[in-house]
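**Q** Below is one structure. I have some questions about it.
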Amino acid sequence: MAVSSCSYSSSWSDLLPELIDVVFNNLDDAGDILNCATVCASWRYSSSAVYTRKFVPSLFVSSLSHLSADEETQFSDQFRILSPRNLGNNQRWVCGGTRGFLLTVNVSFPFQVNLQNPFTNTVVSLPPLISFEDAQRLLQSQAIFQDSQTLKNFVKKAVSSTSLLDPDWVVVVIYNTDGKLAFCRRGDEQWTDLDSDHVASSVDDIVFCNGVFFAIDRIGEIYQCELNPNNPKAVPLCSASPFRYDPCKKYFAESDFGKLWVVLKKLELNDDCDFTVFFEIYEFSPETKEWTVVRSLRGKALFLSPQGGCIAVLAGETGSRGFIKDNSVYFVDGNEASVGSGSPNLSVFEWDSKQIKKLYQPRSWNCEMFWVTPTDVE
-2 MAVSSCSYSS
8 SWSDLLPELI
18 DVVFNNLDDA
28 GDILNCATVC
38 ASWRYSSSAV
48 YTRKFVPSLF
58 VSSLSHLSAD
68 EETQFSDQFR
78 ILSPRNLGNN
88 QRWVCGGTRG
98 FLLTVNVSFP
108 FQVNLQNPFT
118 NTVVSLPPLI
128 SFEDAQRLLQ
138 SQAIFQDSQT
148 LKNFVKKAVS
158 STSLLDPDWV
168 VVVIYNTDGK
178 LAFCRRGDEQ
188 WTDLDSDHVA
198 SSVDDIVFCN
208 GVFFAIDRIG
218 EIYQCELNPN
228 NPKAVPLCSA
238 SPFRYDPCKK
248 YFAESDFGKL
258 WVVLKKLELN
268 DDCDFTVFFE
278 IYEFSPETKE
288 WTVVRSLRGK
298 ALFLSPQGGC
308 IAVLAGETGS
318 RGFIKDNSVY
328 FVDGNEASVG
338 SGSPNLSVFE
348 WDSKQIKKLY
358 QPRSWNCEMF
368 WVTPTDVE
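So the sequence shown is residues -2 to 375, counted in the working numbering.
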């Protein structure tokens, strides 16, 4: 489906929103809806709403070469699969995703960083890795080679503020093994560090929610990122979190109502001396600055992964291929170095029964997987 986004954009924007919604709801291809988002602002708003209702997050899988044709077809019937071949260039690493874009790093000097939409091939350039002082020190020490995992995993996660089609976007990243924070704006040639003097431990996750960047460190302290050009810094929230000092893995997630969630993935030693996984969710109220326990997903499905987006969506809708179960957590396990994590796998946790079912186990130990969630359709 081809739609001009230039000379006819003004006439396209004059169409009634009700008519646009009817047309978009009859589209069954995610790429068509994403292409419609590039026409004008009103189309982007409508297509974003329709995409969220009709499609669950896509799953990026770094390697499908070990799958047979039948296995790949069966897997693709369950989830919308993205892989490096969607990018048309194998001279880059894929390190994560934000708002439907994949974070990529070129494998050669100066290690250019980009955000690329795998559906529309829109590319947004960010400052290269070499602009990080820590990356320069790594290269100068000759402690790594060009193709080493150290550079590939240098940027742990990236999150953008608004649609990357808007002129005022900001991208915040977690980088290096000690979990530092940096950001850039459109046109910047280098990354700017945030003052982290008040950050108690390495940063574990970041999110943009309700106009604010938040960060959470390994011990569970929450910070608000203030991106004042003269004094960018991470400032602790006034209220202490109930999960502070809990040693479990912590994720930010956004509820279907735009609320900020912190999801705890906990490991418990059972009677068989094996680890079992369960989840707890806390919701933050910006008005009271308090945290409350989320006791039910209320018919939603929650998607979690360390490198990609984490979001709750309505389960069982058209476009989910009848596979997504409500009151369930679909999570990628094993991508992070933690107790009990081995090779990566995709599993689902059923909230009511507390049972876990493994959905996919790659044969390759270094296969990476994460959810790509275009919460703002680009």
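C-beta: ideal position from N, C-alpha, C; glycine also. Since the structure is predicted, the reported quantities are computational estimates derived from the model, not experimental observations.
(1) G97 to T370, Cα distance in whole Å?
(2) Within a Cβ cutoff of 7 Å, which residues of the same chain sit near A(-1), ignoring the five residues on either side of it in sequence?
(3) V20 lies in the alpha helix (DSSP H); which residues open and close that run?
(4) Who are the near neighbours of L257 in its chain, counting only those whose CB is closer than 6 Å to its CB and skipping five residues on each side?
(5) Would the beta-carbon of H92 fall within 8 Å of that of L100?
(6) Going by DSSP, which residues form a beta bridge with N103?
(7) Are the stretch 151 to 168 and the stretch 120 to 136 touching by the rule of at least three beta carbon pairs closer than 8 Å?
(8) Which one of F21, N150, S39 has the shortest CA to CA distance from V47?
(9) At the level of alpha carbons, what is the spacing between V196 and L24?
(10) Determine which residues share a DSSP beta bridge with P233 and list them.
(11) CB-CB under 6 Å to F76, same chain, minus the five flanking residues each way: which ones, in chain order?
(12) Can you list, in chain order, the residues of its chain with a C-beta nearer than 7 Å to that of P125? Leave out the 5 residues immediately preceding and following it.
(13) What is the DSSP secondary structure of K351, reduced to helix, strand or coil?
(14) Which residue from F210, S325, W40, C245 puts its Cα closest to that of G217?
(15) Mind checking whether G176 and G306 have CB atoms under 8 Å apart?
(16) Mind checking whether V326 and V345 have CB atoms under 8 Å apart?
(17) CA-CA distance, L135 and E365?
(18) Pick from F129, T174, Q137: whose alpha carbon is nearest that of C181?
(19) Is Q113 helix, strand or coil by DSSP?
(20) Taking the alpha helix (DSSP H) that A132 belongs to, which residues open and close that run?
(21) Between the stretch 274 to 293 and the stretch 344 to 363, do at least 3 Cβ pairs fall closer than 8 Å?
**A** Working from what's here:
(1) In this structure, the alpha-carbon of G97 lies about 5 Å from that of T370.
(2) Confidence is the limiting factor: at A(-1) the pLDDT is only 47, short of 50, which leaves the residue's position unreliable and the question unanswerable from this model.
(3) Run containing V20: 14 to 22, per the alpha helix (DSSP H) assignment.
(4) Apart from the 5 residues on each side of it in sequence, L257 sits with its Cβ closer than 6 Å to the Cβ of C206, F281 in its chain, given in chain order.
(5) Residue identity differs from the one stated: residue 92 is Cys in this sequence, not His. Yes. Within cutoff.
(6) DSSP links N103 through a beta bridge to R89.
(7) The way I'd put it, the stretch 151 to 168 does touch the stretch 120 to 136; three or more beta-carbon pairs between them come closer than 8 Å.
(8) Cα-wise, what sits closest to V47 is F21.
(9) Whole-angstrom Cα-Cα distance: 46 Å.
(10) According to DSSP, which records beta bridges pairwise, P233 is partnered with Y220.
(11) L56.
(12) P107, F108, Q109, V110.
(13) Here DSSP, grouped into helix, strand and coil, assigns K351 to coil.
(14) Just measuring C-alpha positions, the residue of F210, S325, W40, C245 sitting nearest G217 is C245.
(15) With contacts defined by Cβ atoms closer than 8 Å, G176 and G306 do not form a contacting pair.
(16) The Cβ atoms of V326 and V345 lie closer than 8 Å to each other.
(17) Inter-residue distance for L135 and E365 is about 24 Å (C-alpha atoms, whole angstroms).
(18) Nearest of F129, T174, Q137 to C181, Cα basis: F129.
(19) The three-state secondary structure of Q113, taken from DSSP, is strand.
(20) Residues 130 to 137.
(21) The stretch 274 to 293 is in contact with the stretch 344 to 363.
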